[in-house]
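Asker:
Residue numbers (my numbering): 93 to 332.
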């Protein structure tokens, strides 16, 4: 049945579609692998190990999704919270990146060889835009203003290996964070809020696909007189 096929396909993507901006972190070849196989391994051995790792993570994730109840109701905060908890369990058991970890990994890989602060900030902006993240507080403009101030003070481009000047720049960052009300101890809360937003977006996508699948079924002669179920009543576990 079209509905079963579509929902099954979407269920298998739940944990594979789950990277904030720091100096430490490109998305891995596979979302399931946190790091590549050792470079000392040769071609086919390395590929075999990667395949086995991905397979094990996939099976672990599916095993959890077969047990946990997911309610496809993106407008219900309780359903969104429960879905986020299920996905967190999937990540922990299958050793997967969270969205914030994936962003950090991307930043580390993209910026590790960048020598100057200005290119670094511009790269962060590019990553943010590509990841679909918004800068609602205007932090980027503030950081660029701070960089202009520091470079004017030192009379040259700010290089990231210039510890003395970078300390001045970091102090400006601290002022910006204080002005915006951003505290280091609140980072876990920000990550949780991000994961809830992602959970809601994924449930909305699941709901959309389920409704489209049911509409397709209704057009078939054998189902034209059959009442379609409420999406919220569907149990994803039945389609895995």
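The beta carbon of each residue, even a glycine, is placed where N, CA and C say it ideally should be.
Predicted model, so just to flag it, every value in this text is computed and none were measured.
Suppose you measure from the CA of residue 116 to the CA of residue 326; what does that come to, to the nearest Å?
Answerer: By one-based count along the chain shown, residue 116 stands at place 24. By one-based count along the chain shown, residue 326 stands at place 234. Per-residue confidence for residue 116 stands at a pLDDT of 31, beneath the threshold of 50, marking its modelled position as unreliable; no derived number is given.
Asker: Going by C-alpha distance, which of 138, 185 and 196 is nearest residue 157?
Answerer: Taking the first residue of the chain shown as 1, we reach residue 157 at position 65. Closest by alpha carbon: 185.
Asker: Opposite residue 251 in the DSSP bridges: which residues?
Answerer: Here residue 251 refers to the residue found at position 159 of the chain shown. Residue 251 pairs with 208.
Asker: Please say whether residue 208 and residue 275 have beta carbons closer to each other than 8 angstroms?
Answerer: For the purposes of this step, residue 275 is identified with residue 183 of the chain shown, where counting begins at 1. For the purposes of this step, residue 208 is identified with residue 116 of the chain shown, where counting begins at 1. No, Cβ-Cβ distance for residue 275 and residue 208 is not below 8 angstroms.
Asker: Quick one: residues in its chain with C-beta nearer than 6 angstroms to the C-beta of residue 272, no 5 flanking neighbours on either side, listed in chain order?
Answerer: Mapped onto the chain shown, residue 272 falls at position 180. Closer than 6 angstroms at Cβ, skipping near neighbours: 229.
Asker: Beta-carbon within less than 7 angstroms of residue 227's beta-carbon, same chain only, minus the 5 sequence neighbours each way: which residues are those?
Answerer: Sequence index remark: in the chain shown, residue 227 carries index 135 (1-based). If we look at residue 227 and ignore the five residues flanking it on each side, its Cβ neighbours are 220.
Asker: When you compare the CB positions of residue 261 and residue 231, do they come within less than 8 angstroms of one another, or not?
Answerer: Within the chain shown, the letter at position 169 stands for residue 261. Within the chain shown, the letter at position 139 stands for residue 231. Cβ distance not < 8 angstroms, so residue 261 and residue 231 don't count as in contact.
Asker: Along the chain, where does the alpha helix (DSSP H) containing residue 289 start, and where does it finish?
Answerer: Working through the chain shown from its first residue, we reach residue 289 at position 197. Per DSSP, residue 289 belongs to the alpha helix (DSSP H) from 279 to 310.
Asker: Return helix, strand or coil for residue 150, following the three-state DSSP convention.
Answerer: Stepping through the chain shown from its first residue, residue 150 is reached at position 58. Helix, per DSSP.
Asker: Any idea what DSSP makes of residue 318, helix, strand or coil?
Answerer: For the purposes of this step, residue 318 is taken as residue 226 along the chain shown, with counting starting at 1. Coil.
Asker: Using the Cβ count rule (16 or more neighbours within 10 Å means buried), how would you classify residue 197?
Answerer: Within the chain shown, residue 197 is the residue found at index 105, counting from 1. Residue 197 is buried by the Cβ-count criterion.
Asker: Using the beta-carbon count (16 or more within 10 Å), is residue 282 buried or exposed?
Answerer: For the purposes of this step, residue 282 is identified with residue 190 of the chain shown, where counting begins at 1. Result: exposed.
Asker: Which residue wins for smallest C-alpha separation from residue 179, given the options 160, 168 and 169?
Answerer: The count along the chain shown starts at 1 and reaches residue 179 at position 87. Ranking 160, 168 and 169 by Cα distance to residue 179 puts 160 first.
Asker: Which residues bound the alpha helix (DSSP H) around residue 274?
Answerer: The residue labelled residue 274 in the question sits at position 182 within the chain shown. Note, residue 274: premise wrong, no alpha helix (DSSP H); not H, not E.
Asker: Got a sec? Which residues, its chain only, sit under 8 angstroms from residue 316 by beta carbon, not counting five neighbours each side?
Answerer: Locating residue 316 in the chain shown gives position 224, counting from the first residue. 310.
Asker: I'd like to confirm something about residue 195: is its beta-carbon nearer than 7 angstroms to some heavy atom of the ligand COA, or not?
Answerer: By its list of ligands, the structure shown contains no ligand whatsoever, and the ligand COA lies outside what it can speak to.
Asker: Can you tell which of 268, 153, 319 and 300 has its C-alpha closest to the C-alpha of residue 189?
Answerer: Within the chain shown, residue 189 is the residue found at index 97, counting from 1. If we check each option's Cα against that of residue 189, 153 comes out closest.
Asker: If you compare alpha carbons, which of 280, 297, 224 and 307 is closest to residue 163?
Answerer: Here residue 163 corresponds to residue number 71 of the chain shown, with the count starting at 1. If we check each option's Cα against that of residue 163, 297 comes out closest.
Asker: Alpha carbons only, please: which of 259, 225 and 268 is nearest the one belonging to residue 233?
Answerer: The residue you call residue 233 lines up with position 141 of the chain shown. Considering only 259, 225 and 268, the residue with the shortest C-alpha distance to residue 233 is 268.
Asker: Does the Cβ-Cβ distance between residue 169 and residue 295 come in under 8 angstroms?
Answerer: Numbered from its first residue, the chain shown carries residue 169 at position 77. Numbered from its first residue, the chain shown carries residue 295 at position 203. No, the Cβ-Cβ distance between residue 169 and residue 295 is not below 8 angstroms.
Asker: Short of 8 angstroms in beta carbon distance, which residues of its chain neighbour residue 119, apart from the five on each side in sequence? Order them along the chain.
Answerer: The residue you call residue 119 lines up with position 27 of the chain shown. Since pLDDT at residue 119 reaches only 33, below the 50 mark, its modelled position is unreliable, and the value read off the structure follows with that caveat. Contacts found: 111, 194, 197 and 198.
Asker: Quick check on DSSP: helix, strand or coil for residue 230?
Answerer: As a working mapping, residue 230 is identified with position 138 in the chain shown. Looking at residue 230 - three-state DSSP - the assignment turns out to be coil, as it is neither helix nor strand.
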